[in-house]
Amino acid sequence: MATLLVTGGAGFIGSNFVHHVLDHTDHEVVVLDKLTYAGNLASLDGLPAGRFRFVHGDIADPTVVDELVGGVDAVVHYAAESHNDNSLHDPRPFLDTNIIGTYTLLEAVRRHEKRFHHISTDEVYGDLELDDPARFTEHTPYNPSSPYSSTKAGSDLLVRAWVRSFGVQATISNCSNNYGPYQHVEKFIPRQITNVIRGIRPKLYGKGENVRDWIHADDHSSAVLTILDRGVIGETYLIGADGEKNNKDVVELILTLMGQPADAYDHVTDRAGHDLRYAIDSTKLRTDLGWTPQYSDFDAGLAATIDWYRTNEAWWAPTKDGVEAFYASKGQ
Numbered sequence: 001m002a003t004l005l006v007t008g009g010a011g012f013i014g015s016n017f018v019h020h021v022l023d024h025t026d027h028e029v030v031v032l033d034k035l036t037y038a039g040n041l042a043s044l045d046g047l048p049a050g051r052f053r054f055v056h057g058d059i060a061d062p063t064v065v066d067e068l069v070g071g072v073d074a075v076v077h078y079a080a081e082s083h084n085d086n087s088l089h090d091p092r093p094f095l096d097t098n099i100i101g102t103y104t105l106l107e108a109v110r111r112h113e114k115r116f117h118h119i120s121t122d123e124v125y126g127d128l129e130l131d132d133p134a135r136f137t138e139h140t141p142y143n144p145s146s147p148y149s150s151t152k153a154g155s156d157l158l159v160r161a162w163v164r165s166f167g168v169q170a171t172i173s174n175c176s177n178n179y180g181p182y183q184h185v186e187k188f189i190p191r192q193i194t195n196v197i198r199g200i201r202p203k204l205y206g207k208g209e210n211v212r213d214w215i216h217a218d219d220h221s222s223a224v225l226t227i228l229d230r231g232v233i234g235e236t237y238l239i240g241a242d243g244e245k246n247n248k249d250v251v252e253l254i255l256t257l258m259g260q261p262a263d264a265y266d267h268v269t270d271r272a273g274h275d276l277r278y279a280i281d282s283t284k285l286r287t288d289l290g291w292t293p294q295y296s297d298f299d300a301g302l303a304a305t306i307d308w309y310r311t312n313e314a315w316w317a318p319t320k321d322g323v324e325a326f327y328a329s330k331g332q
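For the sequence shown, the UniProt record's numbering assigns the number 1 to the initial residue and increments by one for each residue that follows.
Pasting the structure below:
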């Protein structure tokens, strides 16, 4: 048994990881979350009080971070500003959280000699052409294209530097696009699902040709646990489930699964600098550490996700109107 400090554990991917850890191990979990708009305590409802504790705080606060890191065995760092559209509107919070916050955590694990795992994104690699057969690997050069992805790239480089310069016991994972329960309705898949539930036509950026490599959040969680258990210090592992789909196909599948005509959506103004294609080669993780995804059927995983949003309207409804008003003001 170990005690894990999970930063950003009230957010989408972080909360799924907390549930996964408590369901599949005997570890204890401490969550540190600032509870910005993307954090939701309701995502942590029902967790066992004896093995779980929540702390409201900022990863950029060295006093809070130092005390917590000193009392755990390992830190799993999910906390991040992560929405591309928001980074184009106001980049500053992305610098504060993704750069300064990661630095603060690294200094704490360095002082206390704790294990550290850093959660990153495939967006640090930029994008691929739609007809390019290549996929991202651990050796792909960084080429971020937004304030969000550039600050995540910067945080990755900080981790690498602290491993080499100070001997911090850290690993990094770069994951493809996640879907599943507890995802904020500003994100692509839950936005379209909740639009259909509300009787609103889904919205598709541009022509919808942009390709994302989808992975269920539970598979991401199992991969992170695998890296914590068996990953080599200083190494980076790419996490993906071979789930490449273009946005048009995803919207049409959502509509079909929800009993609507597949073409019942609207094209809206494309995002500035919208990356064309992401694709992950997770061979290293699978061959070196023996990990395999469980959600190999995207249609089935998406259907289960739709069911979750239908069942949990009380979780997402309070933020839905504000999100749609924001996008309407941008013609999206």
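The C-beta atom is built at its ideal place from N, Cα and C for all residues, glycine as well.
Under the DSSP assignment, Tyr205 falls in the beta strand (DSSP E) whose first and last residues are 203-205. CA-CA distance, Thr194 to Val168, rounds to 42 Å. Per DSSP, Glu28 lies in no alpha helix (DSSP H) segment; the continuous beta strand (DSSP E) that holds it begins and ends at 28-33.
Using a Cβ distance threshold of 9 Å, Gly234 and Arg160 count as a contacting pair. Residues Glu209, Val211, Leu276, Arg277 of the same chain have their beta carbon placed closer than 7 Å to that of Leu130, with the five preceding and five following residues left out of the count.
For Gly46 and Pro133, the gap between their C-alpha atoms comes out near 44 Å.
The distance from the Cβ of Gly243 to that of Asn16 is about 16 Å, inconsistent with a contact at the 8 Å cut-off. Every unbroken stretch of the beta strand (DSSP E) spanning 3 or more residues and falling wholly within the segment 226-292 is given here in chain order: 236-239, 244-246, 266-268.
Non-local beta-carbon contacts of Gly301 in its own chain, meaning distances under 6 Å to residues more than five positions away in sequence, involve His216, Tyr295 in chain order. In terms of Cα proximity to Tyr125, the closest of His20, Pro144, Arg115 is Pro144.
For Asn174, the uninterrupted beta strand (DSSP E) segment begins and ends at 170-175. Here Val185 carries a coil assignment [DSSP, helix/strand/coil].
The C-beta of Tyr37 has fewer than 16 other C-beta atoms within 10 Å across all chains shown, which makes the residue exposed.
One thing to note: Pro202 has its Cβ within 9 Å of the Cβ of Asp266. Note: Val211 is bridge-paired with Asn246, Arg277 in the DSSP secondary-structure output.
Spanning the alpha carbons of Asp61 and Gly240 requires a straight line of approximately 32 Å.
Residues Ala262 of the same chain have their beta carbon placed closer than 7 Å to that of Thr256, with the five preceding and five following residues left out of the count.
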